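Protein chains in written order, with the working numbering: chain A, 1 to 290; chain B, 1001 to 1329; chain C, 2001 to 2395. Beta carbons: idealized from backbone N, C-alpha and C, even for Gly. Bear in mind the structure is a predicted one, so any value in this text is a computation, not a measurement. Here is the structure we will look at, set down as structure tokens.
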Amino acid sequence: MDLLLQFLVNGVVIGVFYALSALGLTLIFGLMRVVNFAHGDFYMLGGVLGWFVTERLGLDFFSGLAIVAVVMAAFGWVIDRVLIERVRDQGEEAGILLTIGLSIVIANVALLAVGTAPLKVASPVSEAPLLLGPVVLTRGRVVALVIAALLVVASHLLIRRTTLGRAMRATFQDPMAARLAGIRTERVYASTFALGTTLAALSGMLLGSIYSAQVSIGGTVSLKAFVVVILGGMGSFPGAIAGGLLLGVVEALWGGYISTNLVDLVGFLLVIVLLLFRPYGLFSLRAERA
Amino acid sequence: MTFERNGLLMLGLAALLVPLAVHDQYLIHLGVMVLFYAVLATSFNLVTGYVGEFSLGHTAFLGIGAYTAAILSTRYGLPMWCTVPLAGLVSMLAGLMIGAITLRLQGPFFVIVTLAFSEALRLIADNWVALTNGPMGIAGVTPPVWIAHLDNVHATQAFYYIMLGIAAVTVYFAYRFVYSSAGRAAVTVRESRYVAQSIGIWPFAMAMQAFVLGATLAGVAGGFYAHYISFVGSDLFGFAFMATMIIMVLVGGKGTLLGPLVGALLVTVLQEYLREAQELRLTLFGIFVILIVLFLPRGLMGFVAARRASRKTARDDLATRKTLHGGAR
Amino acid sequence: MHKPSFDFSVACPAALRRSAQAVFLCVAAVGLTAHGAFAAEPIRIGLIQPLTGSVAYNGQADVDGAKLAVAAINKAGGVLGRPVELRIEDGQCNPANTVNAAEKLVQKDKVVSLIGAFCSSATAAIMPVAQKYRIPLLTGVSSEADLTEKGNPWFFRAAETDQLLARTFAPALIKTLQLKRVAYIGVNDDWGRGGVQEFQQALQAGGVQTVSTDYFDHGATDFYTLLTKLRASGADGLFVAAETQDGSILVKQIKELGLNMKVFGVGSWATSDFIGLAGPAAEGVYAAVPYVSTLATPQNTAFVASYTAAYKAPPGKYSAAGYNAVQIMAQAIARAGSTDADKVRAALAQTDYTAPNGHYRFTPKGQAYGFSLALVKIQNKTPNVVALATVSAPH
């Protein structure tokens, strides 16, 4: 029983992190119909910037977090306005190819800049273990978990309560109508992309403080995020969270009781099975038509 | 149609003559890789360009074909002229299975589920040590006996001509498919699904035809790869090959027959040329891809086709104006 | 949306090609000026290592060591009065890419010999290439045992095999760590699996029970599930085959979860990077390595000093491997008196090279012997040598 508890807690912790990194992707995927292959590289940039700000510039973790958020939001905004804007009306392949190219450039420029060594993001707390009954966690994980949860809530509030959020939801429902209602859809798209980028980068920094930040991690993260987004349904906020948690827990249980070798396979099998029976994800807000 | 046919014939002729003019083994090796990628890109183009759905799982068929040939060759000692067609056959079956599941979906769902298949296969290949030797891969896939006796340059030339033959067959099948009613029906499905359905075309069946044909051809290419490189690993299922295929088709122009061939040539040569730039190589390559998307969105051949169409329209306009105004103006 | 005009679309890719050419010219110019001091034609040696991808970190270390050796050799006058020039290609530890790289080095760059290619599967892929072109191939890293059993006369391995490491240190490990039940974790590639299997065999031969065997993928960051299983398994020892990146995270999480198993392993463990990343969790970890920076030989002291001066960090196992490989090759060319492939190969077979970590000699099959293997324990943030052994000539 203790073992099961530990596996569940492991799964939930990982699941929240999956959810956070997938949140940005589901917004971009769902709202802008862009399959963003550079998502994992934004995550990586967050980790690398986090290292730079905390280890090189010596700032504390939370100021670092704020700076990374601002820098990456600006970066995401610029990418959307300069690159994605141009191919928006050309169907999804242009977006795919563009983001693949972008991913290659970002990953290799980062490689040139910081090299191949794993980078440490200074954690705000010690790494000592924390015992909650039979379950082991660390302070670092708990703090990261709390920050991740706060970010999720903040994004939810942004989308539900602010004017920008309302504009985003309107554009998501019907871009033409939104434009007719006077919403500047280019700004909405750029803000959405910026928000997605920021969420990815912040999750990269948070996880960089628990594990380490590495330049080569982009591809793996993108794949996991895609799995979560499909599981939860494109564009669905609660779906991304549910999908992330589901993936985390299932992976932990599979790894614990069956085998750790094929843990990554679980996500892909889930996607295939799910798409056979519920093609639009668990929580999709709208059904797709041909 | 004539333009494409002439273009294909010219390329074919040039490809035939290359080994006679060039004796540098490295360049002939590059030629073999260009032909290999040309077949892969053409097979991928059948799915993306003529069905209109973006498949990220095409490497599944490449890998299945390569592993089939490798296992048949190393464990059962079958020669290359047996293993390569069998590789195509196994890939065809895989195409039927995977297509039956994935072609029910469209758009980004299709993209992700095909990706899920190729990643799942990669993980299985990496871990099912009994069948695939896991991450150690299958080494020592033998070339045909008569090639093994040749010296280096001639062996590579022999492989070149074998691959050229496979490429010719591939392009022929693709050509016949595209310019048949099945091909035209597939294009109709791509352009407008509802209209196609309204005139009695079953989109799923059309998509399956193109998909399975593409899978078979990719499998044959994989079988050849196994014998040429003599080593097969799980990286064949990986995203690197997929990205290369995508880039070649989109740079050359999807939905055209010449496009993938031009794309394969251009991208292979570019990748090798960029080796000179050492560390900047991949960065420059990524920038190249971005620039192509921004400025040549229909690819090179798409651009050429558009130019020819606009020139034809201009000519027609001029002719019309002349007749309307009763003389040169 | 206004479509760009014809000239712009065509000019842009052309401009890119021009910039690629400009980069090439810059690189060539720098290369030429660097060799301005020597009037003679350089001796080109091809080096294939993974410079991108998941093991790029270790491949880069190998290249750094190799470059240090080249600088030292050229400063002392080069080989046969000519400077040595390294032609480095990125094999990505991918057999197909490595074959491409080898073909390019031999055909285009006309290298005298090849050093590479780090991962055993990549090295295995270019062994036939070396034989085809009749050019010597030396690896300083690839440790899979059967590479030297393939009967390729052009291939030399200046490294230990997992089998050697396991057999040499299993008795010492069992005694020092009082091992009775051991769990095995390895990275899921040919090296990780090979290491786990060899140590499993060697330890089982010494009476140690195997509790479990698990593999993880490169870049896996969360080992909690795996470690939770191990905690419940009752093993008293844990064998790990991992490199710096994965190993440091694993070791940290072992401490976090409060596992008190004795941890020992192979890979780039006893390096300062590893200790820096793992922090206090690295204390008490044992590693079986062919090289560690705290080896107390005069050659090593000099090597560590010059490496640290150049790269601001002490060398690890792969840096030493790159350094040794280049030195062995250069000395062989000098001994041969020419760059003729057959003579260099014959000279390689007669190597007796004094390395920072012992002597390197080759058996008739091309396997090196005579160098040191060390069992180190990390104490007070330094790897201390606990046991030393010399690789004897295989019977």
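Secondary-structure assignment with DSSP links C:Ser2113 through a beta bridge to C:Ile2045. In the structure shown, C:Arg2361 adopts extended strand secondary structure according to DSSP, grouped into three states. Here B:Gly1137 really is in contact with B:Gly1233; their C-beta atoms are around 4 Å apart, less than 8 Å.
Residue range Val2084 to Asp2090 is occupied by the beta strand (DSSP E) that includes C:Ile2088. Judged by DSSP secondary structure, C:Ala2288 falls within the beta strand (DSSP E) whose first and last residues are Tyr2286 to Val2289. C:Gln2049 and B:Arg1122 have their C-alpha atoms some 24 Å from each other.
By the 16-neighbour rule on beta-carbons within 10 angstroms, C:Gln2350 is exposed.
With at least 16 other beta carbons inside 10 angstroms of its own, B:Asn1133 counts as buried. Contacts between B:Thr1283 and chain A, judged by CB atoms closer than 8 Å, involve Ile104, Val105, Asn108, Val109 and Leu112 in chain order. For the segment 2037–2068 of chain C, the residues whose beta carbon sits under 8 Å from a beta carbon of chain B are, in order, Leu2051 and Thr2052. Relative to the Cα of A:Val142, the nearest Cα in the group A:Met72, A:Leu157, A:Ser126 and A:Ser155 belongs to A:Ser126.
Not flagged as an interface residue toward chain A: C:Glu2149, since no C-beta distance is shorter than 7 Å.
When the alpha-carbon of B:Leu1164 is set against those of B:Met1033, B:Ala1021, B:Ala1305 and B:Tyr1026, the nearest one is in B:Met1033.
Taking all protein chains in view, the Cβ of A:Gln173 is surrounded by fewer than 16 other Cβ atoms within 10 Å, so the residue is classified as exposed. A contact between stretches requires three or more CB pairs, one per stretch, nearer than 8 Å, and the segment 1076–1086 of chain B fails this requirement with the segment 1285–1301 of chain B.
Among the residues of chain C, those whose CB is under 7 Å from the CB of A:Ala252 are Thr2225, following chain order. Collapsing the DSSP output to three states places C:Ile2378 in a strand. For A:Ala122, the secondary structure class from DSSP, reduced to helix, strand or coil, is coil. Across the set B:Gln1157, B:Leu1213 and B:Trp1146, the C-alpha of B:Leu1213 shows the shortest separation from the C-alpha of B:Leu1040.
Note that the segment 1295–1303 of chain B touches the segment 1245–1265 of chain B; at least 3 beta-carbon pairs, one per stretch, sit closer than 8 Å.
Looking at B:Gly1238, B:Phe1177, B:Thr1048 and B:His1023, the one whose alpha-carbon comes closest to that of B:Asp1151 is B:His1023.
DSSP places C:Ile2275 in the helix class (H, G or I) of the three-state scheme. Excluding its 5 nearest sequence neighbours in each direction, A:Val12 has C-beta neighbours in its own chain below 8 Å: Leu245, Gly248 and Val249, listed in chain order. Exclusion of the five residues before and after C:Phe2199 leaves Ala2166 and Phe2239 as the residues of its chain whose Cβ lies within less than 6 Å of its Cβ. Excluding residues up to 5 positions away in sequence, Met234 and Gly235 lie with their Cβ nearer than 6 Å to the Cβ of A:Gly30 in the same chain. The C-beta of C:Gln2107 comes closer than 7 Å to at least one C-beta of chain B. In this structure, the beta-carbon distance from C:Phe2362 to C:Phe2155 does not fall below 7 Å. Partner residues in a beta bridge of A:Ile272, as assigned by DSSP, do not exist. The count of Cβ pairs closer than 8 Å, one atom from the segment 2188–2195 of chain C and one from the segment 2211–2231 of chain C, reaches three, so the stretches are in contact. Residues of chain B with a Cβ closer than 7 Å to the Cβ of C:Val2099 are, in chain order, Ile1229.
In this structure, DSSP gives A:Pro129 an extended state, which the three-state scheme calls strand. Under the three-state reduction of DSSP, B:Pro1260 is assigned to helix. Interface annotation, B:Leu1274: not in contact with chain A, CB-CB separation never under 7 Å. Rounded to the nearest whole angstrom, the CA to CA distance from A:Glu85 to B:Leu1115 is 26 Å.
Ranking C:Leu2047, C:Leu2147 and C:Gly2151 by CA distance to the CA of C:Gln2163 puts C:Leu2147 first. If you check the CB distance, B:Pro1260 and B:Thr1048 do not come in under 7 Å.
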